[in-house]
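The structure under discussion appears below in the form of structure tokens.
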Amino acid sequence: MMKNKKLLCLGIESSCDETSAAIVSTDREILSHIIYSQIPEHQKYGGVVPELAARAHVLAIDEVVQKTLSDANKTISDIDVIAATAGPGLIGGVLIGWEFAVALAQATGKPLVAINHLEGHALVPRLTNNVSFPYLLMLASGGHSQILLVRGVGDYEIIGQTLDDSAGEAFDKVSKMLGLGYPGGPIIDKRAKLGDKNAFKFPRPLCDKPGCDFSFSGIKTSVRNQITKTKEQTEEFKNNICASFQESVVDCIINRLQNALNDSRVINAEPKTIVVAGGVAKNLAIRAAMEKLAIDSGMEFAAPTLNLCTDNGAMIAWAGIENYLADRIVREPTAPRPRWPLMEL
Ligand code: KG4
Ligand code: ZN
Numbered sequence: 001m002m003k004n005k006k007l008l009c010l011g012i013e014s015s016c017d018e019t020s021a022a023i024v025s026t027d028r029e030i031l032s033h034i035i036y037s038q039i040p041e042h043q044k045y046g047g048v049v050p051e052l053a054a055r056a057h058v059l060a061i062d063e064v065v066q067k068t069l070s071d072a073n074k075t076i077s078d079i080d081v082i083a084a085t086a087g088p089g090l091i092g093g094v095l096i097g098w099e100f101a102v103a104l105a106q107a108t109g110k111p112l113v114a115i116n117h118l119e120g121h122a123l124v125p126r127l128t129n130n131v132s133f134p135y136l137l138m139l140a141s142g143g144h145s146q147i148l149l150v151r152g153v154g155d156y157e158i159i160g161q162t163l164d165d166s167a168g169e170a171f172d173k174v175s176k177m178l179g180l181g182y183p184g185g186p187i188i189d190k191r192a193k194l195g196d197k198n199a200f201k202f203p204r205p206l207c208d209k210p211g212c213d214f215s216f217s218g219i220k221t222s223v224r225n226q227i228t229k230t231k232e233q234t235e236e237f238k239n240n241i242c243a244s245f246q247e248s249v250v251d252c253i254i255n256r257l258q259n260a261l262n263d264s265r266v267i268n269a270e271p272k273t274i275v276v277a278g279g280v281a282k283n284l285a286i287r288a289a290m291e292k293l294a295i296d297s298g299m300e301f302a303a304p305t306l307n308l309c310t311d312n313g314a315m316i317a318w319a320g321i322e323n324y325l326a327d328r329i330v331r332e333p334t335a336p337r338p339r340w341p342l343m344e345l
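All letters in the sequence shown, in the order written, are residues 1 to 345 by my numbering.
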């Protein structure tokens with residue numbers, strides 16, 4: 001297949017609680033994008049129930065892919081490359097999207113690219129903001145929190161990572177403790193704007209230490225202690241907890257990124273852009289603080305548009321295009337993986 005002509009990639013994502021598909025072109029156009037969110041199905045359990053997620057993916061996948069094709073006015077024969085998340089994630093869900101893609105590829109003879117979900121998050125700023133390599137990436141999702149040096153497609157170096165909870169997990173757990181619901185990130189983000197960020201002084205774990213690793217579980221424990229000892233939990237109290245908790249997370253991210261900018265691997269690579277991606281990148285306080293850090297450091301700042309931060313098919317389709325153009329294609333179906341560190345790419 002000629003690689004200088006415009007190519008279309010159909011991307012499929014099913015690793016958590018979104019069944020999503022998109023058609024994206026090599027010239028960065030999203031022709032169609034369907035995100036079927038299962039959040040209402042999991043809300044009453046306070047988090048994602050893997051078995052329910054897998055069943056919901058089975059019921060949704062066919063319609064989601066069909067609608068993605070019809071919204072773009074395309075049929076499967078117009079598609080040049082098929083890409084699907086092959087891990088990491090909830091294996092029941094990953095299997096459904098991946099096997100669907102394998103069947104499509106085998107039936108049509110189209111090339112199939114196995115996408116690492118984290119790579120989808122890591123590369124999507126190149127779809128939305130045309131960011132060039134290398135860049136310094138804060139990847140913060142429900143499952144992961146890492147500072148990565150992104151040198152190129154498939155070339156990721158971990159500069160720092162969480163030693164316990166991910167940032168998204170901390171948001172979700174604090175929201176649960178306050179009885180505010182799932183997912184916690186957007187709820188806390190909204191309430192933090194109404195609260196006083198100086199009301200409580202929660203810890204900034206590891207920030208007095210060198211290095212770029214995170215620890216979010218200590219903040220969460222300190223929040224729990226404050227909640228336990230407060231008898232009357234007014235709306236004002238909850239908003240103040242949200243604002244103060246979020247401020248601790250923001251401070252930790254900025255402190256660790258400052259150290260990352262002074263890490264010799266980063267200095268030698270000379271990245272021009274600081275980027276945030278993953279579900280937590282929707283957080284406006286984190287985006288604003290990182291933008292300020294970038295300006296203060298004489299660098300550019302980039303973040304995907306809000307609907308491309310949380311899980312979506314467009315990031316998988318774009319990663320499919322990037323890997324296809326870099327000749328990183330899986331020709332034989334591989335087994336999906338529940339765990340799949342970026343460093344193994
Ligand atoms: O990337 P993502 O959709 O799924 C994973 O790959 O894990 O991230 C979901 C996470 C959840 O923990 C959710 O609470 C968090 O992203 N999140 C946010 C916001 N929106 C979603 N966290 C902070 N502020 C937000 N506005
Ligand atoms: Zn994700």
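Ideal Cβ placement from N, Cα and C applies to all residues, glycine included.
Where residue i sits in the DSSP three-state scheme
{"i": "residue 48", "result": "coil"}
{"i": "residue 254", "result": "helix"}
{"i": "residue 337", "result": "coil"}
{"i": "residue 273", "result": "strand"}
{"i": "residue 38", "result": "coil"}
{"i": "residue 131", "result": "coil"}
Residue closest to residue i, alpha-carbon to alpha-carbon, out of the options
{"i": "residue 88", "options": "66, 103, 115 and 67", "result": "115"}
{"i": "residue 413", "options": "31, 245 and 48", "result": "What is shown of the chain runs 1 to 345, which leaves residue 413 out entirely."}
{"i": "residue 199", "options": "243, 92 and 178", "result": "243"}
{"i": "residue 162", "options": "326, 145 and 45", "result": "145"}
{"i": "residue 38", "options": "280, 140, 29 and 15", "result": "15"}
{"i": "residue 282", "options": "54, 186 and 201", "result": "186"}
{"i": "residue 9", "options": "111, 70 and 54", "result": "111"}
{"i": "residue 6", "options": "13, 157, 325 and 143", "result": "325"}
{"i": "residue 197", "options": "241, 113, 296 and 93", "result": "241"}
{"i": "residue 262", "options": "251, 277, 159 and 69", "result": "159"}
{"i": "residue 236", "options": "120, 178, 335 and 277", "result": "178"}
{"i": "residue 202", "options": "183, 318, 22 and 174", "result": "174"}
{"i": "residue 90", "options": "67, 108 and 47", "result": "47"}
{"i": "residue 184", "options": "29, 245, 254 and 133", "result": "245"}
{"i": "residue 75", "options": "125, 84 and 65", "result": "65"}
{"i": "residue 96", "options": "50, 299 and 211", "result": "50"}
{"i": "residue 289", "options": "274, 33 and 100", "result": "274"}
{"i": "residue 339", "options": "292, 61 and 94", "result": "94"}
{"i": "residue 42", "options": "36, 53 and 33", "result": "53"}
{"i": "residue 193", "options": "319, 34 and 285", "result": "285"}
{"i": "residue 181", "options": "316, 303, 210 and 238", "result": "238"}
{"i": "residue 214", "options": "260, 190 and 188", "result": "260"}
{"i": "residue 359", "options": "11, 172 and 118", "result": "Outside the shown range of the chain (1 to 345) lies residue 359, about which nothing can therefore be said."}
{"i": "residue 189", "options": "71, 164 and 248", "result": "248"}
{"i": "residue 107", "options": "269, 321, 79 and 123", "result": "79"}
Boundaries (first-last residue) of the alpha helix (DSSP H) holding residue i
{"i": "residue 155", "result": "Careful: residue 155 lies outside any alpha helix (DSSP H), inside the beta strand (DSSP E) at 155-161."}
{"i": "residue 175", "result": "167-177"}
{"i": "residue 184", "result": "184-192"}
{"i": "residue 292", "result": "284-296"}
{"i": "residue 313", "result": "313-325"}
Extent of the continuous beta strand (DSSP E) run through residue i
{"i": "residue 138", "result": "135-140"}
{"i": "residue 18", "result": "18-25"}
{"i": "residue 28", "result": "Element bounds for residue 28: n/a, residue is neither H nor E."}
{"i": "residue 147", "result": "145-152"}
Minimum Cβ-Cβ distance from residue i to chain D less than 8 Å
{"i": "residue 98", "result": "This model lacks chain D altogether, as it is built from one protein chain only."}
Residues bridged to residue i (per DSSP)
{"i": "residue 302", "result": "275"}
{"i": "residue 11", "result": "22 and 83"}
{"i": "residue 330", "result": "112"}
Query - Start-end ranges of the alpha helix (DSSP H) lying completely within the segment 214-268, minimum 4 residues - result: 217-228 and 235-261
Requested in this report: Identify every run of the alpha helix (DSSP H) within the segment 51-124, keeping only runs that are complete inside it and at least 4 residues long; order them along the chain.
Outcome: 91-108
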